[in-house]
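Chains A, B, C and D supply the protein sequences, listed in that same order. With our numbering, the residue at position 105 of the first sequence is 105, and numbering never jumps. With our numbering, the residue at position 43 of the second sequence is 194, and numbering never jumps. With our numbering, the residue at position 101 of the third sequence is 403, and numbering never jumps. With our numbering, the residue at position 119 of the fourth sequence is 572, and numbering never jumps. What follows is a set of notes on a single structure, which appears directly below.
There are 4 protein chains.
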Amino acid sequence: MDHGATSNLAPFASISHRFACQVQWGDCDPAGIIFYPTYFRWMDAATWSFMDSVGYTAKRMRSEHLAMPLVSAECQFLAPALQADRCSVISRITRFGGTSFALAHEVMRDDATLLAKGSETRVWGRFASGPGSPMKGEPIPEALKQLFRAS
Amino acid sequence: MDHGATSNLAPFASISHRFACQVQWGDCDPAGIIFYPTYFRWMDAATWSFMDSVGYTAKRMRSEHLAMPLVSAECQFLAPALQADRCSVISRITRFGGTSFALAHEVMRDDATLLAKGSETRVWGRFASGPGSPMKGEPIPEALKQLFRAS
Amino acid sequence: MDHGATSNLAPFASISHRFACQVQWGDCDPAGIIFYPTYFRWMDAATWSFMDSVGYTAKRMRSEHLAMPLVSAECQFLAPALQADRCSVISRITRFGGTSFALAHEVMRDDATLLAKGSETRVWGRFASGPGSPMKGEPIPEALKQLFRAS
Amino acid sequence: MDHGATSNLAPFASISHRFACQVQWGDCDPAGIIFYPTYFRWMDAATWSFMDSVGYTAKRMRSEHLAMPLVSAECQFLAPALQADRCSVISRITRFGGTSFALAHEVMRDDATLLAKGSETRVWGRFASGPGSPMKGEPIPEALKQLFRAS
């Protein structure tokens, strides 16, 4: 992972993406509310869904040996979620760097309550020879960045 | 996965293996007891640990492109487990077939209460060209079977 | 959990229920396919969704101190699932006993490939005094059974 | 959750606690490395283990209707972890406020490689009437703070 590359991330005017999800019984803990790592699972799934929405499907990522390892992630938990709550993760790109990028995610319940606000910084990486082999950050193609630009 | 191969599994006198684990807050659900898929996560981890104990470490499995995909799994839940309960999964091989094998797992709490009894049937498989590529069942080496034989 | 009650389960002609789900990156393992306990997480969520569909919502279950602890669960894995695969869990009740019931679940990919077939046996239980307190199996109301009956 | 209370957190000289863990097959993703929400699961388990170590066991927390809901969490991922890697989470309290507190966690592999550095801010909360009922932040007892003070 190329951590140095995260210092020069430039602000970016991004489209946004909506990923639908629902709190399941097994996503909750004995306090009866969502177990917090669930929000990070959702943010990860939302990022893959965002990529899919601009043409970088899971299948394409696999066949081109691409992945998006994390540099950092954080989340603020604003209101508790309960089993069966239907939610959306609203994601956008906040910055693009040379080989890394950052996303902001908002988790909104369907009654418009903001449950959580988080972010991820990721490297754009390629496996040397397929999944399981070493991965190296590589320059994010300009064409890819344009796919996320708000018009 | 070679499902036909599971019909001719022969009984096997196996060594047993102990895998230690503990029920975490996030492994429990709003009923305040363990969320049942946790037992299957433990049985999977116990199987890998069992393999490790006879010399088939995760590192070796990776470098030899080996994996152990599931044919089936089942579990009976005998007593509820609570957060912080320290447990062991006691595993043994029950049958070896041509390209598949079966394991029995008992989940015991450290106070000797039997919490769950389960089993898995798995294929001994190899990736065509590393993780992510297609996998094919292959004959289980006799030498491997001997590593599990009770003396 | 009332295990004795499982012996006299009677066959039942059930409506069926569809629960939609998708394989996420984090649901897969280094073999690049779904990690098998994910199927049990799905079967659990499908059961809660089935209950919800007949009026036993998560909210009602909570307020009436009801839960559905497991007696046993099993699954056969028929075809591997990959990240992004869209699937359905098709569930129906197979048997109702005095205080327990059994469900059959089929996991179907949206291309109509049957990925997995499983079942769960559960107790119909009530907490003595809310979540976290002891739970006891109790007779399944006839009115509840009728909600699941195929007409 | 009492978010206002997090502004006046004072620095604190804390004992540290070690929580042992191991990367399992199912904790890894198709890239062959740890799926990042696993680190948050570990940090949560490490916090509960830390509490246990000063006498606030899971059993006591349950019987006194105490919980530790999250205000925020973040983590920096410094090096990838592989299946079977044995690790420790080293935790300490960094600040105590009126009703909230913050922890720093370092995830170290047993070969002394620092894998991740994270933190959590939590509220010290009590359920109105047992798990599942509403929870309210309450003043952290001075006696509890002293249990964590480095001597």
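C-beta: ideal position from N, C-alpha, C; glycine also. Keep in mind it's a predicted model, so treat the numbers as computed, not measured.
Counting along the chain, where does the beta strand (DSSP E) carrying residue i start and finish?
i	result
residue 211 of chain B	No beta strand (DSSP E) contains residue 211 of chain B, which is instead part of the alpha helix (DSSP H) from 209-214.
residue 421 of chain C	416-425
residue 469 of chain D	469-475
In the DSSP assignment, find the unbroken alpha helix (DSSP H) run with residue i in it and report its ends.
i	result
residue 298 of chain B	293-298
residue 196 of chain B	188-204
Since residue i meets chain C, which of its residues come closer than 7 Å, beta carbon to beta carbon?
i	result
residue 536 of chain D	332
Please name the residue or residues paired with residue i in a DSSP beta bridge.
i	result
residue 588 of chain D	D:580
residue 464 of chain D	D:548
residue 33 of chain A	DSSP, once it has assigned bridges, lists no residue as partnering residue 33 of chain A.
Can you name the residues of chain C whose CB is closer than 9 Å to the CB of residue i?
i	result
residue 57 of chain A	386
residue 44 of chain A	326, 327 and 328
For a contact defined as C-beta to C-beta under 7 Å, what are the partners of residue i on chain B?
i	result
residue 585 of chain D	181
For a contact defined as C-beta to C-beta under 8 Å, what are the partners of residue i on chain A?
i	result
residue 343 of chain C	24 and 26
residue 527 of chain D	72, 73, 74 and 75
Give the residues of chain B in contact with residue i, contact being defined as C-beta atoms less than 8 Å apart.
i	result
residue 35 of chain A	176 and 177
Taking residue i as the query, report the chain A residues whose CB atoms sit under 7 Å from its CB, ordered along the chain.
i	result
residue 213 of chain B	132
Interface residues of chain D around residue i at Cβ under 8 Å?
i	result
residue 199 of chain B	477, 478, 536 and 537
Hey, is residue i's beta-carbon within less than 8 Å of any beta-carbon in chain E?
i	result
residue 588 of chain D	This model lacks chain E altogether, as its protein chains are A, B, C and D.
Residue i versus chain B: which residues are under 9 Å apart at the beta carbon?
i	result
residue 505 of chain D	235
Using a Cβ cut-off of 9 Å, pull out every chain A residue sitting near residue i, in sequence order please.
i	result
residue 522 of chain D	31, 33, 36, 77 and 80
Contact between the segment 475-489 of chain D and the segment 507-523 of chain D (3+ Cβ pairs under 8 Å):
no
Any contact between the segment 515-527 of chain D and the segment 559-579 of chain D? By contact I mean 3 or more CB pairs, one from each, below 8 Å.
yes
Start-end ranges of the beta strand (DSSP E) lying completely within the segment 206-260 of chain B, minimum 3 residues:
221-228, 237-247 and 251-260
Looking at C-beta atoms only, is the number of pairs between the segment 582-591 of chain D and the segment 556-570 of chain D that lie closer than 8 Å three or more?
Judged by Cβ distances under 8 Å, the segment 582-591 of chain D makes no contact with the segment 556-570 of chain D, as fewer than three pairs qualify.
Contact between the segment 535-543 of chain D and the segment 551-565 of chain D is defined here as three or more beta-carbon pairs at a separation below 8 Å; is this criterion met?
yes
With a cut-off of 8 Å, do at least 3 Cβ pairs link the segment 138-149 of chain A to the segment 197-204 of chain B?
no
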